[in-house]
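Undergrad: This is the structure I have questions about; it appears just below.
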Amino acid sequence: EKGLYPHYMLKEIDEQPSVMRKIISTYTAENGSVAIDEHLVEKIAKSDRIYVVACGTSWHAGLVGKKMIEELANIPVEVHLASEIGYDMPLLSERPFFIFISQSGETADSRQVLVKVNELNLPSLTITNVKGSTLSREAENTLLLHAGPEIAVASTKAYTSQIAVMLYLAKAIGDYKNLKLAKSFDIAHELGLVASAMDTLVSEKDKLAEISRDYLLTTRNAFYIGRGLDYAVSLEGALKLKEISYIQTEGFAAGELKHGTIALIEKDTPVLAIITGEDTASHTRGNVKEVESRGAKTMVIAMEGLQKEGDQIIIPELHALLTPLATVVPLQLISYFACLQRDLDVDKPRNLAKSVTVE
Ligand code: F6R
244 EKGLYPHYML KEIDEQPSVM RKIISTYTAE NGSVAIDEHL VEKIAKSDRI
294 YVVACGTSWH AGLVGKKMIE ELANIPVEVH LASEIGYDMP LLSERPFFIF
344 ISQSGETADS RQVLVKVNEL NLPSLTITNV KGSTLSREAE NTLLLHAGPE
394 IAVASTKAYT SQIAVMLYLA KAIGDYKNLK LAKSFDIAHE LGLVASAMDT
444 LVSEKDKLAE ISRDYLLTTR NAFYIGRGLD YAVSLEGALK LKEISYIQTE
494 GFAAGELKHG TIALIEKDTP VLAIITGEDT ASHTRGNVKE VESRGAKTMV
544 IAMEGLQKEG DQIIIPELHA LLTPLATVVP LQLISYFACL QRDLDVDKPR
594 NLAKSVTVE
């Protein structure tokens, strides 16, 4: 099933441009509007606060989805770890709506929250890759990722498709509420640009393998930094690297480094910075300088227009909300190569299972 590919993870990374195109065709109706059931959209539009519940990579996708929903649909969003919120419910708003994000639809930590949400008779939606999965059956509504089976333990195409589907949902709610920002947002066009950017990024494997060898081959730890959505992607990039290469990697809000973590920077500690935010670029550049002056070996992923000489990876210019869909791709590939170069099991890292069915 992985055909000519040596590993599922590599195949699944490469599939991302076509998965984006599949999502565009599935979620765009013929008249150009969003193809999501209007009853569902109406229900969410009437909610005064959305609670996103997920684990791991799906939680990271939720952090990006929050920004999209708040900006396009104008509803406040809280993103919660399933293993926390289940035992420690926050004070809920008057009309809460719960969104569960789960590739497998079988994650026990998420399910125990859904059971409680159902007991409270609160409305819910599961965004999942698996039709008929437990979380899909038990939630009131389901949206599918249409990413095709994800076999590798490290989640890649599920992350990008979760973000794309949440973008469609955000756009649908914003359209329903007649919000200007949503109405003027040409989602099929913008996501089409993402798919093309992904095509370019997945073709840069040789360069990324070299970067990985240069920065990560012998290191014991690494830091990923960014601000805003770049911070959200730092968390995901760090998880991807640690789970398959076993390099201790932390994702950090760039501005937080100086509040403690910078003490860990030594000569040649790898620090990777993601820079796609116009308002935050110069601040993150400053953080790069700070760690460099303490000996860190820095690497920058920057978006076209914000790049500087010496930056290692350039992301084609995209809508500000959509940059995570592109910046994550080189991070996935760097993790893949770091794992390969250490001669580790790419698709089945130690101690991990594809779906975690215990709390
Ligand atoms: C990381 C990874 C895990 C999952 C998490 C949630 O690459 O795969 O962190 O994202 O276990 O799984 P789902 O999305 O199936 O609920």
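The sequence shown begins at 244 in the UniProt record's numbering and counts up by one. In this text, a Cβ means the ideal position worked out from N, Cα and C, and glycines have one as well. On a predicted model such as this, the values are computed, not experimentally measured, just so you know.
1) Within the same chain, show all residues whose beta-carbon is closer than 7 Å to that of residue 448, passing over the 5 residues directly before and after it, in chain order.
2) If you reduce the DSSP assignment to three classes, tell me which class residue 562 lands in.
3) Between which two residues does the alpha helix (DSSP H) containing residue 345 stretch?
4) Quick test of your reading: residue 412 and residue 279, contact by CB under 8 Å. State the CB separation rounded to the nearest angstrom.
5) If you check the beta carbons only, do residue 406 and residue 568 fall under 8 Å apart?
6) Can you tell me which of 546, 585, 403 puts its alpha carbon nearest to the alpha carbon of residue 571?
7) Just mark residue 506 as buried or exposed, buried being the case when its beta carbon has 16 or more other beta carbons within 10 Å.
8) So what does residue 465 bridge to, in DSSP terms?
9) For the ligand F6R, any of its heavy atoms closer than 7 Å to the Cβ of residue 469?
10) At 3 residues or longer, and completely inside the segment 516–556: list those beta strand (DSSP E) runs for me, N to C.
11) Work out the CA separation of residue 508 and residue 534 for me, nearest whole Å.
12) Could you pull out every residue in the same chain whose Cβ sits closer than 6 Å to the Cβ of residue 410, ignoring the five residues on either side in sequence?
13) So, do the segment 314–331 and the segment 370–387 have three or more beta carbon pairs nearer to each other than 8 Å?
14) Near residue 481, which residues of its chain fall below 7 Å by C-beta distance, leaving aside the five closest residues on each side in sequence?
15) What did DSSP end up calling residue 384 once you bin it into helix, strand or coil?
16) Of the residues 386, 529, 485, which one's Cα is nearest the Cα of residue 579?
17) Output the boundary residues of the alpha helix (DSSP H) element that contains residue 256.
18) Tell me the DSSP bridge mates of residue 367?
19) Going by beta carbon distance, what residues of the same chain come within less than 6 Å of residue 340, once the five residues before and after it are set aside?
20) May I ask which residues mark the beginning and end of the beta strand (DSSP E) holding residue 354?
21) Relative to the ligand F6R, is the shortest distance from any of its heavy atoms to the C-beta of residue 356 smaller than 7 Å?
22) Which whole-angstrom value describes the C-beta separation of residue 558 and residue 452, a residue pair presumed to lie in contact below a C-beta threshold of 8 Å?
TA: With the structure as the only source:
1) If the five residues before and after residue 448 are omitted, its C-beta is found closer than 7 Å to the C-beta atoms of 576, all from its own chain and listed in chain order.
2) Coil at residue 562, not helix or strand.
3) First-last for residue 345: 339–345, but that is the beta strand (DSSP E), not the alpha helix (DSSP H).
4) Indeed, because the Cβ distance is near 6 Å, the residues count as touching under 8 Å.
5) A contact, by the Cβ cut-off of 8 Å.
6) The shortest C-alpha separation from residue 571 is found at 403.
7) By the 10 Å Cβ count, residue 506 comes out exposed.
8) Residue pairing for residue 465: DSSP places it in a beta bridge opposite 492.
9) Residue 469 Cβ: outside cutoff for every heavy atom of the ligand F6R.
10) The segment 516–556 contains these whole beta strand (DSSP E) runs: 540–546.
11) Distance between residue 534 and residue 508, taken at the CA atoms: about 7 Å.
12) The residues are 311.
13) With the cut-off at 8 Å, the segment 314–331 and the segment 370–387 do not touch.
14) If the five residues before and after residue 481 are omitted, its C-beta is found closer than 7 Å to the C-beta atoms of 467, 492, 493, 494, all from its own chain and listed in chain order.
15) Reduced to three states, the DSSP call for residue 384 is strand.
16) The candidate whose alpha carbon is nearest that of residue 579 is 485.
17) Looking at the DSSP string, the run of the alpha helix (DSSP H) that includes residue 256 is 251–257.
18) Its beta-bridge partners are 341.
19) Cβ within range, chain order: 287, 290, 293, 366.
20) First-last for residue 354: 351–362, but that is the alpha helix (DSSP H), not the beta strand (DSSP E).
21) No.
22) Between residue 452 and residue 558 the Cβ distance is about 18 Å, and since that is not below 8 Å, they are no contact.
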